[in-house]
Amino acid sequence: MTVVAPNLQTPAPSRFLAFVSLRTRLLLVFTLLFFLASVGIFVWLYRFAGDVATDNLKRDVNAAALTTALGINGDEHQKLVKSGKIDDTNYKKISAYLRSVRRTNPKASGLYTYVQDPKNPQKVRLIVSSSVAPGLSFSVADEIVRNLAPESCRLAQANRPALGEVYDPAGSRMINGLSEATVDVGTFTDSWGTWLSGYAPVRNSSGLIVAAVGIDMCAAAVERVQKQVRETVIPVFGVVLLLFSLVVFLVATNITRPLLSLAAAAKNIGRGQYDQNLGRIHNTRVQDEVSTLALIIENMATQVKGREDTLKEQVQELLIEIDETKRQKQVEDIIESDFFREIKDKAARMRERSRNT
Numbered sequence: 003m004t005v006v007a008p009n010l011q012t013p014a015p016s017r018f019l020a021f022v023s024l025r026t027r028l029l030l031v032f033t034l035l036f037f038l039a040s041v042g043i044f045v046w047l048y049r050f051a052g053d054v055a056t057d058n059l060k061r062d063v064n065a066a067a068l069t070t071a072l073g074i075n076g077d078e079h080q081k082l083v084k085s086g087k088i089d090d091t092n093y094k095k096i097s098a099y100l101r102s103v104r105r106t107n108p109k110a111s112g113l114y115t116y117v118q119d120p121k122n123p124q125k126v127r128l129i130v131s132s133s134v135a136p137g138l139s140f141s142v143a144d145e146i147v148r149n150l151a152p153e154s155c156r157l158a159q160a161n162r163p164a165l166g167e168v169y170d171p172a173g174s175r176m177i178n179g180l181s182e183a184t185v186d187v188g189t190f191t192d193s194w195g196t197w198l199s200g201y202a203p204v205r206n207s208s209g210l211i212v213a214a215v216g217i218d219m220c221a222a223a224v225e226r227v228q229k230q231v232r233e234t235v236i237p238v239f240g241v242v243l244l245l246f247s248l249v250v251f252l253v254a255t256n257i258t259r260p261l262l263s264l265a266a267a268a269k270n271i272g273r274g275q276y277d278q279n280l281g282r283i284h285n286t287r288v289q290d291e292v293s294t295l296a297l298i299i300e301n302m303a304t305q306v307k308g309r310e311d312t313l314k315e316q317v318q319e320l321l322i323e324i325d326e327t328k329r330q331k332q333v334e335d336i337i338e339s340d341f342f343r344e345i346k347d348k349a350a351r352m353r354e355r356s357r358n359t
């Protein structure tokens with residue numbers, strides 16, 4: 003009699019189940035986590051670099067506005083406002099000074115002075131501009147400085163605003179510039195580029211505030227820093243992501259290789275192949291859950307094999323007993339048959355006759 007090992011294979015389910023290996027899942031999960039962490043770090047670094055560059059630009063704008071305001075003669079500016087004539091000597095003098103400031107600081111492309119609108123405190127009136135008069139061009143020195151500035155900071159030779167022209171709407175920071183030095187919260191963008199504006203009050207000889215100076219400074223440095231972050235960090239993160247994925251793949255392979263061996267051993271045991279040598283997994287210096295499981299499976303296979311051998315011996319003994327019982331039953335059936343009794347009686351009579359003769 004042959005003993006067949008039980009079928010330990012799980013019946014196939016009726017619906018389709020996708021198989022995704024543990025190594026693949028580890029690779030996907032850890033790579034995704036690293037990618038999300040990298041994106042978070044990049045966003046933080048991008049914003050941090052932009053904030054630092056913006057803060058530095060704000061300090062430069064504030065310092066430039068204060069310095070420029072100190073160089074303007076408040077008494078002459080008062081006389082200019084009172085005269086209202088754009089061809090006034092004071093206008094030319096202040097405008098030339100503003101252009102000299104621009105020559106020393108090419109990023110300060112737009113410089114102007116303004117006063118509060120007496121009819122509406124929330125509006126201002128432009129007084130002096132660093133732009134040249136209509137029909138005139140910048141001097142050679144001004145043009146050289148203009149060309150030295152970043153391309154996104156080069157203003158065209160726009161016509162200067164009229165003296166006393168109302169500027170509306172004037173932001174709250176621009177209004178506050180008539181009382182204290184201040185800088186806009188954020189940059190603004192026009193057809194010429196991106197700018198950050200700062201303001202500082204202009205005082206006369208008596209210390210009274212009579213006007214304010216405004217400076218539009220090019221914010222290209224902020225964009226340049228952010229661009230450098232993008233061009234530097236993104237490729238670095240890309241290379242690091244590839245290296246990290248490779249490391250995760252190797253680690254996942256190292257983790258799943260013994261598990262695959264255990265799965266193959268369990269499948270062989272289910273087929274009745276109990277001689278499974280898993281020593282390469284559990285005979286290691288460093289023990290873990292996998293090595294413990296390998297030892298358990300190996301011991302289990304040995305115990306199952308021993309029990310199966312014992313069962314086979316018991317079945318063989320049982321078969322022998324069954325055959326002996328059948329033989330005895332057949333003998334009893336023959337002895338108890340009528341034919342056997344007749345033969346037995348004849349034999350007895352023949353023995354009796356032989357005694358009497």
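Residue numbering for the sequence shown follows my numbering, beginning at 3 and increasing consecutively.
A virtual CB, placed ideally from N, CA and C, is assigned to each residue, including glycine.
Quick caveat, the model's predicted, so the values are computed rather than measured.
Check whether residue i and residue j have beta carbons under 9 angstroms apart
i, j, result
"ALA51", "VAL227", "yes"
"ILE217", "LEU72", "no"
"THR196", "VAL224", "yes"
"LEU243", "PHE44", "no"
"GLY86", "GLY166", "yes"
"LYS81", "ASP89", "no"
"VAL117", "THR69", "no"
Distance, residue j Cα to residue i Cα
i, j, result
"SER208", "ASP57", "33 angstroms"
"ASN285", "PHE246", "30 angstroms"
"ASP170", "LYS125", "6 angstroms"
"ILE257", "ARG309", "33 angstroms"
"ARG101", "LYS60", "21 angstroms"
"GLU334", "LYS328", "10 angstroms"
"ARG357", "GLN330", "34 angstroms"
"ARG232", "THR106", "31 angstroms"
"THR294", "VAL22", "25 angstroms"
"LYS95", "PRO237", "52 angstroms"
"THR1", "LYS314", "An answer regarding residue 1 cannot be provided, because it is not within the stretch 3 to 359 covered by the chain."
"GLU326", "ARG343", "24 angstroms"
"PRO8", "THR26", "A caution first: PRO8 carries a pLDDT of 49, below 50, which makes its placement in the model too unreliable to give a value."
"GLU323", "GLN316", "11 angstroms"
"ALA66", "LEU248", "52 angstroms"
"LYS121", "PHE190", "27 angstroms"
"ILE345", "MET352", "11 angstroms"
"GLN332", "GLU354", "30 angstroms"
"ASP192", "ASP186", "15 angstroms"
"GLN289", "LEU252", "20 angstroms"
"LEU34", "ALA267", "33 angstroms"
"ARG287", "ALA20", "37 angstroms"
"TYR99", "ILE129", "14 angstroms"
"GLY42", "GLU291", "35 angstroms"
Nearest residue (CA-CA) to residue i, options the options
i, options, result
"ARG127", "LYS60, ASN75, LEU100, LYS84", "LYS84"
"LEU29", "LEU264, THR327, SER356, ALA254", "ALA254"
"ALA55", "ALA222, LYS269, LEU24", "ALA222"
"ALA183", "LYS94, ASN270, TYR201, ILE257", "TYR201"
"ARG175", "PRO237, GLN332, ALA214", "ALA214"
"VAL235", "ALA65, ARG49, LEU24, ALA66", "ARG49"
"GLY188", "LEU180, ILE177, GLY173", "GLY173"
"PRO260", "GLN330, LEU280, GLY274", "LEU280"
"ALA265", "ALA349, ALA66, ILE299, LYS95", "ILE299"
"TYR276", "GLN332, LEU252, ASN301", "ASN301"
"ARG282", "ALA268, SER263, GLU291", "SER263"
"LYS307", "ASP192, GLY274, VAL241", "GLY274"
"ILE177", "VAL292, PRO123, ASP347, LYS348", "PRO123"
Own chain residues within Cβ distance below 6 angstroms of residue i, not counting five before or after
i, result
"MET219", "VAL63, LYS109, ALA110, LEU198"
"SER40", "PHE239"
"ASN92", "GLU78, LYS81, LEU82"
"ILE337", "none"
"LEU24", "THR258"
Within-9 angstroms CB hit, residue i to chain D
i, result
"ASN178", "The displayed structure is made up of one protein chain only, and chain D is not part of it."
Cβ-based neighbour list, residue i, same chain, cut-off 7 angstroms, excluding 5 preceding and 5 following
i, result
"PHE32", "VAL250"
"LEU297", "HIS284"
"ASN270", "GLN278"
"ASP77", "ASN206, SER207"
"SER131", "SER97, TYR114, ARG162, PRO163"
"ASP119", "LYS125, VAL126, ARG127, VAL168"
"ALA350", "none"
Own chain residues within Cβ distance below 8 angstroms of residue i, not counting five before or after
i, result
"VAL204", "ALA71, ILE74, GLY76, HIS79, THR115, ILE211, VAL212, ALA213, ALA214, VAL215"
"TRP46", "none"
"SER181", "PRO203, ILE211"
Length at least 3, wholly inside the segment 179-236: the beta strand (DSSP E) runs in chain order
190-192, 195-205, 211-220
Pick out the complete alpha helix (DSSP H) segments inside the segment 37-110, 4 residues or longer, and give them in chain order.
76-85, 91-106
Uninterrupted beta strand (DSSP E) stretches inside the segment 277-343 (no shorter than 3 residues)
none
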